[in-house]
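Numbering (UniProt numbering), first residue to last: 1 to 394.
All C-beta atoms, glycine included, are put in the ideal place defined by N, C-alpha and C.
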Amino acid sequence: MVERICKFCGSNDVVKSGLIKRPRCNYQIFKCYNCGRYPSKKIDTHPVVVPSIIPPSEPKPYNFTWSDYNQAQMQEKLLFLDILHELCAYIPEEPSRVGRPKAALSDMMFSCVGKVYEQLSSRRATSDLEIAHQRGYLNHTPHFNTVLKYLGEPIMTPILADLIQLSSMPFRDLEETFAVDASGLSSSFYSRWLDYRYGNLDGKEGWIRDWIKIHLICGTKTQIVTHIVVSEGKRNDCPFFPELVQQTAKNFRIREVSADKAYLSRENVQVAFALGAAPLIPLKVDSSRKGHGFSAWKKLYRYFQLYREEFYQHYHQRSNVESTFSTLKRKFQSRLMLKSKVGQINEALCKVLCHNICVLIQEAQANNVLIELEKDVPKFASLHTNSAPISQDG
Numbered sequence: 001m002v003e004r005i006c007k008f009c010g011s012n013d014v015v016k017s018g019l020i021k022r023p024r025c026n027y028q029i030f031k032c033y034n035c036g037r038y039p040s041k042k043i044d045t046h047p048v049v050v051p052s053i054i055p056p057s058e059p060k061p062y063n064f065t066w067s068d069y070n071q072a073q074m075q076e077k078l079l080f081l082d083i084l085h086e087l088c089a090y091i092p093e094e095p096s097r098v099g100r101p102k103a104a105l106s107d108m109m110f111s112c113v114g115k116v117y118e119q120l121s122s123r124r125a126t127s128d129l130e131i132a133h134q135r136g137y138l139n140h141t142p143h144f145n146t147v148l149k150y151l152g153e154p155i156m157t158p159i160l161a162d163l164i165q166l167s168s169m170p171f172r173d174l175e176e177t178f179a180v181d182a183s184g185l186s187s188s189f190y191s192r193w194l195d196y197r198y199g200n201l202d203g204k205e206g207w208i209r210d211w212i213k214i215h216l217i218c219g220t221k222t223q224i225v226t227h228i229v230v231s232e233g234k235r236n237d238c239p240f241f242p243e244l245v246q247q248t249a250k251n252f253r254i255r256e257v258s259a260d261k262a263y264l265s266r267e268n269v270q271v272a273f274a275l276g277a278a279p280l281i282p283l284k285v286d287s288s289r290k291g292h293g294f295s296a297w298k299k300l301y302r303y304f305q306l307y308r309e310e311f312y313q314h315y316h317q318r319s320n321v322e323s324t325f326s327t328l329k330r331k332f333q334s335r336l337m338l339k340s341k342v343g344q345i346n347e348a349l350c351k352v353l354c355h356n357i358c359v360l361i362q363e364a365q366a367n368n369v370l371i372e373l374e375k376d377v378p379k380f381a382s383l384h385t386n387s388a389p390i391s392q393d394g
């Protein structure tokens with residue numbers, strides 16, 4: 001029996017006013033009618049136990065040595081050409097039409113990605129493409145205008161997206177924790193602020209760069225990108241979370257997925273739970289415990305409130321997606337060179353594909369990841385294991 005005595009004034013004119021539940025113990029709150037204060041007392045009741053939202057897993061070793069890193073960096077360009085050539089070999093050719101024959105789509109994909117990897121202008125990259133032709137990677141060296149033309153072709157966009165996913169498939173047994181985020185890539189051209197809002201910027205007519213936003217999900221161990229969506233620069237991040245997670249779940253077992261508060265919504269939490277993943281998205285200050293029909297929201301709310309320290313220990317892995325963007329922009333620049341919107345999207349996808357190939361090279365050296373791609377090609381609509389032309393129906 002809880003003794004009802006106010007610890008402030010000693011009066012016994014107190015009544016129960018509430019119960020505070022904590023993981024280790026509970027506290028009974030009283031209200032003293034003599035002094036008006038609210039004393040509390042620890043009670044010997046069983047505390048509320050909230051089950052962890054993080055699925056159990058067996059630890060998988062991940063090795064890193066400087067000697068393996070050095071070997072991968074010294075051989076990167078040679079191995080990059082080999083892997084890129086294998087990826088492009090799964091691209092079917094366009095059906096032949098009357099007139100001048102088109103350039104081979106696989107050759108043009110190799111040339112476009114190779115140009116982005118070298119970070120050279122189309123004219124200066126021609127000599128590198130000639131070297132690739134002499135080594136047997138290309139059937140012929142394309143003209144620099146042809147490379148720019150194909151970078152702006154809409155047919156390249158779905159193929160690049162599938163190649164990015166295909167290049168991540170060797171990591172299915174290694175990656176099970178993922179992180180989601182978005183970042184912008186600016187163009188080399190400026191637009192007036194007046195085009196976006198009527199008025200002036202700080203009292204003067206300002207100029208800002210055009211830019212697009214890339215939304216991606218990556219593994220937290222290797223920083224391999226498993227899916228990417230490109231949008232306009234002013235789009236919100238939150239609506240892209242379901243697609244990124246659902247597409248990754250088709251090829252990977254997701255145990256945890258981390259994202260910042262920009263992705264916090266009841267729908268996103270429910271999507272992650274439905275896929276068997278723990279959504280590590282921190283709650284906002286004004287977040288309510290009401291689920292509004294989403295049971296997963298209540299689970300996340302209780303776990304975050306009672307086990308916040310454990311939550312942030314796992315959430316810390318989200319920093320790896322920031323490292324992914326940092327690596328991507330430092331190695332392949334954060335600036336886009338093409339003018340058209342389709343060209344900028346394809347150029348951004350080429351940068352991510354280059355990043356994935358570099359991760360493949362690093363992990364093949366450090367963790368003996370087997371680069372076996374052919375068995376997974378049938379999963380992607382725009383790729384084939386033979387070189388037959390694609391049908392007229394697409």
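CA nearest to the CA of residue i, picked from the options
{"i": "SER17", "options": "CYS9, GLY10, PHE8 and GLY36", "result": "GLY36"}
{"i": "LEU280", "options": "ARG100, PHE380 and GLU309", "result": "GLU309"}
{"i": "PRO282", "options": "TYR312, ALA272 and SER288", "result": "TYR312"}
{"i": "TYR69", "options": "THR385, GLU363, LEU244 and ASN356", "result": "GLU363"}
{"i": "SER382", "options": "GLU93, TYR27 and THR65", "result": "GLU93"}
{"i": "GLU130", "options": "LYS149, PHE110 and LEU148", "result": "PHE110"}
{"i": "TRP211", "options": "ASP286, THR220 and SER231", "result": "SER231"}
{"i": "LEU163", "options": "GLY293, ASN367, LEU353 and ILE29", "result": "LEU353"}
{"i": "CYS88", "options": "PRO95, VAL98, VAL113 and PHE64", "result": "VAL113"}
{"i": "ASN12", "options": "ASN34, HIS292 and ASP107", "result": "ASN34"}
{"i": "THR146", "options": "ARG123, ARG335, PHE64 and ILE357", "result": "ARG123"}
{"i": "ARG335", "options": "GLY184, LEU300 and ILE217", "result": "GLY184"}
{"i": "SER187", "options": "GLY99, SER121 and LYS339", "result": "LYS339"}
{"i": "CYS32", "options": "ILE54, ILE5 and ILE53", "result": "ILE5"}
Same chain, Cβ closer than 7 Å to residue i, five either side skipped, listed in chain order
{"i": "SER265", "result": "CYS238"}
{"i": "VAL359", "result": "THR222, GLN223 and ILE224"}
{"i": "ALA262", "result": "ASP237 and CYS238"}
{"i": "GLY199", "result": "Note on GLY199: pLDDT 49, under 50, position unreliable in the model; the coordinate value appears next. Cβ neighbours of GLY199 beyond the five flanking positions: none."}
{"i": "PHE64", "result": "ALA366"}
{"i": "ILE159", "result": "ILE91, MET109 and SER382"}
Residue environment, residue i, which counts as buried when at least 16 other CB atoms sit within 10 Å
{"i": "GLY276", "result": "exposed"}
{"i": "TRP297", "result": "buried"}
{"i": "HIS215", "result": "buried"}
{"i": "ILE29", "result": "exposed"}
{"i": "residue 405", "result": "Coverage of the chain is limited to positions 1 through 394, which leaves residue 405 absent and any answer about it impossible."}
{"i": "LYS290", "result": "exposed"}
{"i": "ASP286", "result": "exposed"}
Start-to-end residues for the beta strand (DSSP E) that takes in residue i
{"i": "HIS85", "result": "Looking at the DSSP string, HIS85 is not in any beta strand (DSSP E); the run it does join, the alpha helix (DSSP H), is 76–88."}
{"i": "ILE228", "result": "225–232"}
{"i": "CYS32", "result": "26–32"}
{"i": "VAL257", "result": "256–258"}
Cβ shell of residue i (< 8 Å), same chain only, five flanking positions each side left out
{"i": "ILE361", "result": "ALA72, GLN75, GLU76, LEU79, PHE80 and ILE83"}
{"i": "VAL369", "result": "PRO170, PHE171, LEU174, LEU360 and GLU363"}
{"i": "ARG235", "result": "LYS213"}
Limits of the unbroken alpha helix (DSSP H) element including residue i
{"i": "LEU283", "result": "First-last for LEU283: undefined, no H or E at that position."}
{"i": "PRO101", "result": "Note, PRO101: premise wrong, no alpha helix (DSSP H); not H, not E."}
{"i": "CYS112", "result": "105–118"}
{"i": "ALA249", "result": "241–249"}
{"i": "GLY343", "result": "341–366"}
{"i": "VAL271", "result": "266–274"}
{"i": "ARG135", "result": "Per DSSP, ARG135 belongs to no alpha helix (DSSP H) and is neither H nor E."}
{"i": "VAL377", "result": "First-last for VAL377: undefined, no H or E at that position."}
Min CB distance residue i to chain B below 9 Å
{"i": "HIS215", "result": "You won't find chain B in this structure, because it holds only one protein chain."}
Cβ shell of residue i (< 6 Å), same chain only, five flanking positions each side left out
{"i": "GLY343", "result": "LEU151 and GLY152"}
{"i": "LYS7", "result": "PRO39"}
{"i": "HIS384", "result": "PRO92"}
{"i": "LEU244", "result": "VAL180, ILE217 and HIS227"}
Do three or more CB pairs link the region 101–118 to the region 78–92 at distances below 8 Å? These segments touch.
Is there contact here, the region 253–262 with the region 176–188, by at least three beta-carbon pairs under 8 Å? Taking 8 Å as the limit for Cβ pairs, the verdict is that the region 176–188 does touch the region 253–262.
I'd like to know if the region 141–161 and the region 89–104 are in contact, where contact means that at least 3 CB-CB pairs between them fall below 8 Å. Counting Cβ pairs under 8 Å, three or more are found: they touch.
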